[in-house]
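Taking the working numbering, the leading residue of the first sequence gets 1, the next gets one more, and so forth.
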Amino acid sequence: MVKIGITEKKDENFSEWYTQTVLKAELIDYSQVKGFIILREYGFSIWENIQSILDKKFKKDGTKNAYFPLLIPESLLNRESEHFKGFTPEVFWVTKTGDNDIENKLAIRPTSETIAYESYAKWIKSWRDLPLKLNFWNSVLRAEIKDTKPFIRTSEFLWQEGHTAHETKEEAEKQVNVMLKLYKDFVNEYLALPILTGKKSDKEKFVGADYTLTLEGIMPDGKALQMGTSHQLGQNFSKPFEISFLGKDEKQHFVWQTSWGVSWRLMGALIMIHGDDKGLILPPKIAPIQVVIIPIYYDEGKKNEIIKVIEKIKEQLDEKGVRSYVDSSEQHTPGWKFNQWEMKGVPIRVEIGPKDLDNDSLVVVKRNSRDKKNIAISDNPADSIIKELEVIQEELFESAKMKHSEMIFKSDEYNELCNRLTNDRGFIKSAWCGSRECEDKIKDETGADVRLIEDEAISSSCIVCGNDATNSVYFAKSY
RNA sequence: CGGGGUGUAGCGUAGCCCGGUUAGCGCGCCUGCUUUGGGAGCAGGAGGUCGGAGGUUCGAAUCCUCUCACCCCGACCA
């Protein structure tokens with residue numbers, strides 16, 4: 001048998017497995033420019049599904065969509081100096097039109113805070129204009145020279161960025177929490193991915209934020225992946241950008257702001273966590289094709305009969321909103337199609353051949369467990385298929401949770417922590433005093449960072465220096 | 001930025017050390033027939049500025065110089 005699928009095993013060579021999977025499942029292709037990828041139609045339709053679900057949730061929370069320009073004048077970008085310093089090494093600049101130099105160079109947006117807030121200052125006049133809650137679906141560019149990986153680290157990425165302005169600190173704080181919860185629910189329920197949530201350390205937070213809340217996943221190679229953030233910006237931008245309003249108290253106040261985002265990194269996590277040696281495994285709720293139907297026949301007469309049955313089933317599935325596809329192409333054998341659609345992660349495969357017709361049955365195969373089951377053609381198969389899809393969604397989340405918990409350890413002894421971080425990787429939960437010195441020491445000695453700080457207070461001593469510690473944190477190496 | 005490596009058809013490669021027919025092979029692609037329940041078979045066919053520029057030579061994929069791109073290992077990094 002020729003080996004033309006994915007040639008590397010997920011646990012043996014994870015990095016190569018990942019690259020082959022994203023390419024061979026036709027999610028992406030590489031572009032001519034390093035660090036940039038092409039999102040192909042199959043990959044894009046996953047992104048569209050993510051978009052449409054999140055978009056509904058955002059709108060329900062009162063956020064509206066808008067679009068801001070790609071190019072940002074330097075003067076705007078550096079108005080908030082901390083923010084500017086954080087991004088400047090990664091900014092792409094436009095310095096020419098044709099052969100002529102541009103007098104004031106323009107940044108290609110690395111994120112839209114500055115250009116949006118310039119406008120917010122004009123639009124917000126009174127407390128009646130608040131809250132202002134806008135979201136942008138766009139792409140941003142941050143130069144990544146090394147270590148690029150499709151979906152995980154690329155110079156251009158698709159994402160959404162929400163930007164809100166509020167009357168009070170408390171309202172902004174509430175917004176930050178609401179968005180974190182919204183993301184978490186989405187990632188759990190639709191992507192079937194377990195995550196940890198918490199606060200970033202000062203070192204790791206978004207430059208320009210008072211604090212950052214984060215969603216962190218753990219990948220099969222034991223490295224953490226930041227999958228979304230929600231920032232309390234406080235008045236760090238409203239002051240330099242002069243976003244102020246006349247309050248009910250008839251005085252001028254600066255607004256309190258938040259920003260929050262998720263990117264196509266979510267797709268990277270989806271691929272890494274659910275995939276197996278045969279390729280992708282997509283959760284039904286996000287899969288562009290939930291059911292692929294493959295006809296099998298040996299002669300023209302049977303072929304017509306089978307096509308007729310398939311059309312009927314397809315119709316039933318369409319009516320119930322199940323996304324299905326009939327692969328009736330004649331250039332490949334059924335065996336080839338089985339492998340192909342498994343590589344592309346379609347949750348359910350339905351096979352119908354002459355033997356099935358004779359028995360009034362069709363074969364239903366689950367991608368995740370590869371269990372085969374016969375169900376009756378005459379007995380409303382669409383309903384059974386829908387039930388199976390629900391089961392698959394559930395099973396994927398359960399198995400992901402299992403793997404997730406196996407990657408989390410606790411430690412209260414420094415050498416053990418270092419050994420774990422170096423050898424086993426994963427998340428290590430420990431107590432930390434909150435000092436930059438201790439954080440840097442672990443980074444220097446193991447390469448790991450503080451991924452998140454847990455909310456609940458504890459009383460313990462720091463794993464590094466032994467001084468008082470008030471919170472548990474998770475250390476990990478990260479992407 | 002420092003060190004190492006690789007560029008030959010859409011993809012994967014042989015040939016290079018030691019210069020000499022028409023640059024070979026596998027996959028894929030096209031045509032036809034037979035096939036189709038776990039990656040089908042046979043027959044015929046199309047497809048190459050050998051990454052680019054310059055040089056040595058009667059003659060360069062092969063030797064020399066420069067250059068570009070990509071990959072790996074380090075340093076740096078929302």
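All C-beta atoms, glycine included, are put in the ideal place defined by N, C-alpha and C. Keep in mind the model is a prediction, meaning the values are calculated, not measured.
Backbone secondary structure at residue i - three-state DSSP
i, result
"R265", "helix"
"G234", "strand"
"H163", "strand"
"F157", "strand"
"H332", "coil"
"A287", "coil"
"N359", "coil"
"E351", "strand"
"N339", "helix"
"G247", "coil"
"K149", "strand"
"T422", "helix"
"V464", "coil"
"Y479", "coil"
"K9", "coil"
"N374", "strand"
"I385", "helix"
"G228", "strand"
"F92", "coil"
"K308", "helix"
"V391", "helix"
"L396", "helix"
"G279", "strand"
Neighbourhood of residue i by C-beta distance below 6 Å, restricted to the same chain and skipping five residues each side
i, result
"A476", "A224, F427, A448, R451"
"M1", "Its pLDDT being 35, under 50, M1 is placed unreliably in this model, and the value from its coordinates should be taken loosely. Cβ within range, chain order: n/a, list empty."
"V365", "R349, K372"
"G198", "L452, I453, E454"
"N65", "N135"
Same chain, Cβ closer than 7 Å to residue i, five either side skipped, listed in chain order
i, result
"R40", "E26, L27, I28, D29"
"K105", "E74, W93, V94, T95"
"C418", "E445, T446"
"F36", "T154, S155, E156"
Residue(s) in a DSSP beta bridge with residue i
i, result
"F427", "I408"
"P73", "L106"
"N100", "T97"
"K64", "L134"
"S126", "L246"
"V326", "I293"
"Y120", "DSSP, once it has assigned bridges, lists no residue as partnering Y120."
"V33", "Paired residues: none, contrary to the question."
"S259", "H163, H231"
Residue i versus residue j - alpha carbon distance
i, j, result
"T212", "T88", "20 Å"
"P69", "I102", "17 Å"
"I310", "Y474", "51 Å"
"K169", "K122", "21 Å"
"L266", "A376", "38 Å"
"S329", "K302", "16 Å"
"T285", "L134", "Before going further, note that residue 285 is Lys rather than Thr in the sequence given. K285 and L134: Cα-Cα distance of roughly 26 Å."
"Q226", "D356", "47 Å"
"D55", "D358", "47 Å"
"K278", "D383", "28 Å"
"I442", "C465", "11 Å"
"E439", "S478", "14 Å"
Neighbourhood of residue i by C-beta, 8 Å cutoff - its chain only, sequence neighbours within 5 removed
i, result
"E80", "E113, T114, G208, N236, F237, P240, F241"
"A107", "L71, I72, P73, E74, L77, V91, F92, W93, V94"
"E16", "E8"
"K410", "I428, K429, S430"
"L270", "I46, L191, L193, L282, P283, I286"
"I6", "W17, Q20, T21, K24, D277, K278, G279, M343"
Delimiting residues of the beta strand (DSSP E) encompassing residue i
i, result
"Y474", "468 to 476"
"K133", "132 to 141"
"G198", "196 to 199"
"P295", "291 to 295"
"S461", "449 to 461"
"L215", "211 to 218"
"L39", "37 to 39"
"I28", "28 to 30"
"F254", "252 to 254"
The alpha helix (DSSP H) enclosing residue i, as first and last residue numbers
i, result
"T21", "14 to 24"
"F87", "81 to 87"
"V187", "169 to 189"
"R367", "No alpha helix (DSSP H) contains R367, which DSSP labels as neither H nor E."
"C433", "Where C433 is concerned, there is no enclosing alpha helix (DSSP H), given that its DSSP letter is neither H nor E."
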